[in-house]
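One structure below.
Numbering (the working numbering), first residue to last: 35 to 112.
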């Protein structure tokens, strides 16, 4: 997740704070940002590129499996 995305989320969270707590908005936004970064760093995430590579590998594997299943079925019929 990009820093810009984290900044946007932290800002939106801080903007959602009730009026009575607006005086501590900057501190809250900073804390939100820290918590978001910390939480996201603990997750086992992959990049979009890594995901797409694995998706392509899975598609090729599926094609090979279907071809082998068809071959086995043909051999069983003979």
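In this text, a Cβ means the ideal position worked out from N, Cα and C, and glycines have one as well.
Given the structure is predicted, the values throughout are model-derived calculations rather than measurements.
Buried or exposed for residue 66, please, with buried defined as at least 16 other CB atoms from any protein chain shown within 10 angstroms of its CB.
In the chain shown, counting from the first residue as 1, residue 66 sits at position 32. Burial check for residue 66: the Cβ neighbour count within 10 Å reaches 16 or more, so the residue is buried.
When we look at the beta-carbon of residue 48 and count the other beta-carbons within 10 Å, is it buried (16 or more) or exposed?
Reading the chain shown from its first residue, position 14 is the one you call residue 48. Here residue 48 is buried. Its C-beta has 16 or more other C-beta atoms within 10 Å.
Starting from the C-beta of residue 51, find all residues in its chain whose C-beta is less than 7 Å away, skip the five residues before and the five after it, and write them out in chain order.
Your numbering for residue 51 matches position 17 in the chain shown. Here the set comprises 59, 62.
Is it buried or exposed, residue 44, if we count other Cβ atoms within 10 angstroms and call 16 or more buried?
Reading the chain shown from its first residue, position 10 is the one you call residue 44. Buried, since its Cβ has 16 or more Cβ neighbours within 10 Å.
Return the CA-CA distance between residue 97 and residue 112, expressed in angstroms with no decimal places.
Your numbering for residue 97 matches position 63 in the chain shown. Your numbering for residue 112 matches position 78 in the chain shown. If you draw a straight line from the Cα of residue 97 to the Cα of residue 112, it is about 23 Å long.
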